[in-house]
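Enquirer: Can you read through this structure? Questions will come right after.
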Amino acid sequence: MDCSYFRERINLYIDGELGYLEVAELQQHLSFCPDCAAELAQVGEVRGALAAWGRLELATPPGFAERVLAAVELEPAPGSPRPFGQVLDDTLEYLDETLGSIPLPGGRTIPVKNVIGWGLATAAVIIGFERRHERRSRELKPL
Amino acid sequence: MTASNLHKWAALPDPSPAELGRAAEGDAQAFKLIVERYQGMVYSVAHNVLGNHTDAEDAAQEALLRCYRKLSQFRSEATFSTWLFRLALTTAIDYRRRERRQPEPVDTEELAVEAAPQLGEGIDAAMIVAALRDLPEDYRVPTVLRDVYGLPYQEIAEATGRPLGTVKVMVHRGRASLRLKLRAGGAGPGQGPAGARPRSDA
């Protein structure tokens with residue numbers, strides 16, 4: 200029996216992305232196909248183990264906390280003026296969080312701040328060209 | 025690695041508002057308590073996303089520094105551990121985008137590490153670490169975000185900058201690969217936790 204059609208659907212089933220009729224169709228197949236039923240059970244077991252793993256933590260390398268705290272000591276005290284690079288990073292991050300992203304076809308997204316940035320850059324280039332063009336035409340105009 | 029010395033970070037009590045306030049004002053002792061309490065969680069998130077110790081350490085350090093800088097922006101709408109977890113995840117993904125490195129070769133000394141707690145029937149933590157480490161990076165990151173940390177697909181697509189359909193395919197392939205390794209006689213117990221050392225203080 201060719202189970203490839205149903206095998207592809209097992210992941211969608213696990214993610215809750217099948218419609219009512221598709222679920223019924225898959226469940227009917229699982230009731231008489233031990234291989235597909237075993238695959239579903241195995242994927243479920245692996246996902247359960249992964250989720251349990253996500254709630255545990257690895258030990259950090261020796262001296263990790265000390266290195267972090269030493270790096271923190273080099274940081275400017277909260278409230279004091281921060282380096283320009285850090286202010287820029289924080290501002291870009293804040294813009295990302297606040298403005299969000301625009302969905303593109305195919306499921307891609309593009310941060311709104313990038314679109315605004317490209318728009319401003321393009322406008323600056325166009326204005327620059329126009330000014331240069333105006334200056335040149337003034338220079339070339341016969342007196 | 026035994027069940028008792030791996031720590032369940034999700035069950036950690038959050039620092040009190042007073043402790044957080046002191047840390048946000050630059051009290052080194054208050055921030056030290058936060059680092060000591062959450063370093064394992066931050067490091068684990070980075071390791072699961074990045075798949076090697078060197079990058080995980082760098083990214084975890086960066087995440088805790090970001091935490092220090094942004095602590096005053098923390099609002100109690102979310103719990104502190106959730107806020108820090110998101111920060112660790114974002115930092116690890118940013119780090120991965122910036123520094124694409126190959127997975128480290130397995131350190132044989134580290135392979136001889138501890139036994140691991142059972143996470144499922146016949147699956148222990150050492151097997152999970154080894155199986156995740158061996159996944160191709162393109163599969164590992166979305167699979168970790170989806171099945172280890174339970175993020176919705178849309179959020180994974182936004183975090184990784186990949187199309188939604190691609191992310192789903194990567195997760196499906198990652199799952200298939202993990203199933204083969206963990207359920208069809210792939211990695212065996214203790215065959216490769218790349219430095220999955222237990223917490224010594226737990």
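So the protein sequences, as listed, match chains F and H.
Taking our numbering, the leading residue of the first sequence gets 200, the next gets one more, and so forth.
Taking our numbering, the leading residue of the second sequence gets 25, the next gets one more, and so forth.
Even glycine gets a Cβ: it sits at the ideal position worked out from N, Cα and C.
As the structure is a prediction and not an experimental result, all values here were calculated from the model.
Under 8 Å, Cβ to Cβ, is there at least one residue of chain F near G45(H)?
Expert: It does not: the Cβ of G45(H) has no partner Cβ on chain F nearer than 8 Å.
Enquirer: Can you list the residues of chain F that V59(H) reaches, using a CB-CB cut of under 7 Å?
Expert: Residues of chain F passing the Cβ test: A264, V267 and L268.
Enquirer: Would you call I315(F) buried or exposed, if buried means 16 or more other Cβ atoms sit within 10 Å of its Cβ?
Expert: Exposed: under 16 other Cβ atoms inside 10 Å.
Enquirer: Out of R307(F), G284(F) and K312(F), state which residue places its alpha-carbon closest to the alpha-carbon of T297(F).
Expert: Minimum Cα distance to T297(F) is reached at K312(F).
Enquirer: Report, in whole angstroms, the separation of the C-beta atoms of S300(F) and T290(F), which I expect to be a contact under 8 Å.
Expert: The pair is not a contact, with the Cβ atoms about 17 Å apart (cut-off 8 Å).
Enquirer: Helix, strand or coil: which one does DSSP assign to D148(H)?
Expert: Strand at D148(H).
Enquirer: Does DSSP classify E207(F) as helix, strand or coil?
Expert: Note: E207(F) maps to helix in three-state DSSP.
Enquirer: How many Å lie between V172(H) and V195(H) at the Cα?
Expert: Their Cα atoms are separated by approximately 11 Å.
Enquirer: When DSSP labels each residue in this structure, what does S300(F) get in the three-state scheme?
Expert: Strand at S300(F).
Enquirer: Between which two residues does the beta strand (DSSP E) harbouring T184(H) extend?
Expert: Careful: T184(H) lies outside any beta strand (DSSP E), inside the alpha helix (DSSP H) at Y177 to T184.
Enquirer: Since A181(H) contacts A116(H) with CB under 8 Å, what's their CB separation in whole angstroms?
Expert: About 17 Å; that fails the 8 Å criterion.
Enquirer: If you pair each beta-carbon of the region 142 to 154 of chain H with each one of the region 229 to 245 of chain F, do three or more pairs fall below 8 Å?
Expert: Yes, the region 142 to 154 of chain H touches the region 229 to 245 of chain F.
Enquirer: Would a check of beta-carbon distances place E123(H) closer than 8 Å to chain F?
Expert: Answer no: the Cβ-Cβ gap between E123(H) and chain F never drops below 8 Å.
Enquirer: For T103(H), name the three-state secondary structure that DSSP assigns.
Expert: T103(H) falls in the coil class under three-state DSSP.
Enquirer: DSSP three-state call for E256(F): helix, strand or coil?
Expert: Looking at E256(F) - three-state DSSP - the assignment turns out to be strand.
Enquirer: Consult DSSP for L159(H) and reduce its assignment to one of helix, strand or coil.
Expert: Coil at L159(H), not helix or strand.
Enquirer: Give me the Cα-Cα distance between Q178(H) and L169(H), rounded to the nearest whole angstrom.
Expert: Cα to Cα, the separation comes out at about 11 Å.
Enquirer: So that I know if they touch, is there some Cβ in chain H lying closer than 8 Å to that of Q227(F)?
Expert: Closer than 8 Å: no.
Enquirer: Report the residue ranges of all alpha helix (DSSP H) runs contained in full by the region 51 to 124 of chain H; include only those spanning at least 4 residues, in chain order.
Expert: For the region 51 to 124 of chain H, whole alpha helix (DSSP H) runs of length 4 or above, ordered along the chain, are 52 to 74, 77 to 94 and 104 to 122.
Enquirer: Report buried or exposed for G327(F), applying the criterion of at least 16 other Cβ atoms within 10 angstroms of its Cβ.
Expert: That one is exposed.
Enquirer: Go ahead and label D234(F) buried or exposed: buried means 16 or more other beta carbons lie within 10 angstroms of its beta carbon, across all protein chains shown.
Expert: Under this definition D234(F) is an exposed residue.
Enquirer: Return no unless some Cβ of chain F is closer than 8 Å to the Cβ of E179(H).
Expert: Output row for E179(H): interface = no.
Enquirer: Using alpha carbons as the reference points, say which of D162(H), F104(H), Y92(H) and L74(H) lies closest to E123(H).
Expert: Comparing Cα-Cα distances from E123(H) to each of D162(H), F104(H), Y92(H) and L74(H), the minimum goes to L74(H).
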